[in-house]
Each structure stands twice: as C-alpha cells, then as structure tokens.
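**Student:** Numbered per my numbering, the sequence shown spans residues -9 to 250.
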Amino acid sequence: MRLEISLISAIWVCVIQSCMYLPNGLENLSDLQTLQALEAQDESIRHLGELKQLRRLRLWNVKGIYCERISESLVQMQYLCSLYVNASDEDEVLLLDVCLPNLQCLSLSGRLAERVLDKSTLFQAVGDLNLFELSLRWSQLIEDPLPTLSRLSTLTLLRFIRAYNGERLAFLTGWFPKLKTLHLVDLPNLNQLEIQQGAMASLEDLALVNLSSMTEVPTGIEFLMPLQYLSFLEITSDFLILLHQCSATRGKQWQHTLRS
C-alpha cells in the first residue's frame, strides 16, 4: 500500500540516545503543519524551508550561525502562527530577521543581538499583527524593552525570564491593554518596577520571581483592578515585611515563597 506522507499534519521528531534527529524524507512532507523538537543541524535547516504549510514549529539547539538560514526558511511559512526557538546555550546570540504575518505565539530562548527589538523585521512587523504571546528567555537585554514592545496591543501574555539586565521597568498609561498574564523572572538587577494607572488594564496574573535586587514593593499594583493572581516568589524575609506593611497590597490576595 502506497503511503501518502504528504497528508501527515503533525510529527514529533524521534529521540534516540538523547539526541534528536531529522527523519529521512521529512522534506517531502509538504502538508506538515506541526513540527516539534527539531534540533538545528546543517541537514535539518537545509530542508526546513520546504515545509511551507507549517503552523507550529519548535527549534532546539540553535546556533547563531544558523539564524540567517532559518530566517530564509521562515519566510516560506506564511501560515506559521507559533514559533519557539531555543539557542544551544544562554550566551548564543539569536538574530531572526523575518516577517511572519500570521504569528500569534513567539518564544525566544537565547541572547538577543543589540537593539534587535528596534532593528529586526520580526519585531517591527508584529506591531501591526496579532501576536498574543511573547516569551523572552536569556535575552540579556540592556535597553528597556517595554517602549518597543508596548506597541503589541493584542498581547495577552508576556514573560521575561532572565531577559533584562537593567534596573528599572515602567508600564505607562495605555500600554498593553489586553495583557492578562505578566511574569518577570530572574531579573537580577531590577530594583524598581512602576505601574501607572491605566497600564495593563486587563491584567489578571502577575508573578514576580527571584528579583533579588528589588527592595521596594512595585508602585501602582493598586491600579490593577482585575488582578486575580498575585505572586511574589523567592523573596527575602525583609521584602515580606514590606509586603505586609504596604497599603497597595492590602485588600488583595497574594502568595509568596521565601528564598532559600
């Protein structure tokens, strides 16, 4: 019986001895829509652009030298709505320069090139599109990313995980009107967080995790009226005292864990 492999819509790359590999003939799966856990290697990247029907793609172990070729492949995927790119290590620089008109979910784990948020077509294009979820991990950004990202008016989820090396973040009035989830995790230098009235007007879930330089309760939490889940995780005993004394947190239910 002849197998019509072009009809396969999803595939998980097989794992042998903890090493992911590209199955032979994957380039012939012209109607493939979901590709999970593909390790970036010369052979796999060479055929990536032939999968023009992909909706969801996860790339692992990506090195900076592959980014140009990956960008060229992504251009062919006009239906792509979910993209996860994980660098080979936290110091590997990622620079993807591509317009993805249907992208809804973007997750980048790896160091981002300097001023990439302002220069890359990927971020410049999504401002007028329907990006709902953005996760940045290991980015090591020096410049405040919020002024650039604030144009993502459709964003409902934003995660920074060791993504920003600056000392201050401010969410200004009118920014992120549809954002429901904000997680700030492992930002070692952040010592000031400001939330202006009218910012993140739809926020329901705020998690601040292991912000080791934070010595003051973020200002403006009282403005987050729809907030349902408020978490301060891996905090010091001194910061816990501040939380109990702060008028902004009174009347709000919140949870905490202490740093070990």
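For every residue, glycine included, the Cβ atom is placed at its ideal position computed from N, Cα and C.
Predicted model only: the values in this text are computed from it and were never measured.
1. Where does Phe229 sit, in a helix, a strand or coil, going by DSSP?
2. Let me know if Arg127 comes out buried or exposed under the rule of 16 or more other beta-carbons within 10 Å of its beta-carbon.
3. Would you kindly work out how many angstroms separate the C-alpha atoms of His173 and Phe150, rounded to a whole number?
4. What span of residues does the beta strand (DSSP E) with Cys95 cover, start to end?
5. I'd like the ranges of any beta strand (DSSP E) spanning at least 3 consecutive residues and lying wholly in the segment 163 to 217.
6. Taking only three categories from DSSP, how would you classify Val52?
7. Tell me the residue span of the alpha helix (DSSP H) that contains Glu58.
8. For Thr205 and Asn181, what's the separation of their Cα atoms in angstroms?
9. So what's His234 in DSSP terms, helix, strand or just coil?
10. Please state if the CB of Arg101 and the CB of Leu84 are separated by a distance shorter than 8 Å.
11. Going by CA-CA distance only, name the one from Leu96, Asp79, Gly156, Leu41 that's closest to Leu86.
12. Which of the three DSSP states, helix, strand or coil, is assigned to Tyr11?
13. Less than 6 Å between C-beta atoms, sequence neighbours within five positions excluded: which residues of the same chain meet that for Ala251?
14. By Cβ distance, which residues of its chain are closer than 6 Å to Leu223, with the 5 residues on each side in sequence left out?
15. Have a look at Leu177, Lys170, Leu136 and flag the residue whose alpha-carbon is nearest the alpha-carbon of Arg152.
16. Quick check on the burial criterion: 16 or more other C-beta atoms within 10 angstroms. Buried or exposed for Met260?
17. Cα-Cα, which of Gln94, Thr138, Asn155 is closest to Thr146?
18. Bridge partners of Glu29, per DSSP?
19. In the structure shown, what three-state DSSP assignment does Phe113 receive?
20. Could you please give me the residues that DSSP links to His246 through a beta bridge?
21. Return yes when the Cβ of Leu70 is within less than 8 Å of the Cβ of Arg45, no when it is not.
**Tutor:** In short, the structure shows the following:
1. helix
2. buried
3. 6 Å
4. 95 to 99
5. 171 to 175, 182 to 185, 195 to 199
6. strand
7. 57 to 64
8. 6 Å
9. helix
10. yes
11. Leu96
12. Here Tyr11 scores only 47 on pLDDT, less than 50, and its place in the model is too uncertain to base an answer on.
13. Residue 251 falls outside the range modelled here, since the chain spans only -9 to 250, and no answer is possible.
14. Val199, Thr247
15. Leu177
16. The requested residue 260 is not part of the displayed model; the chain covers only -9 to 250.
17. Gln94
18. Trp50
19. helix
20. Phe222
21. yes
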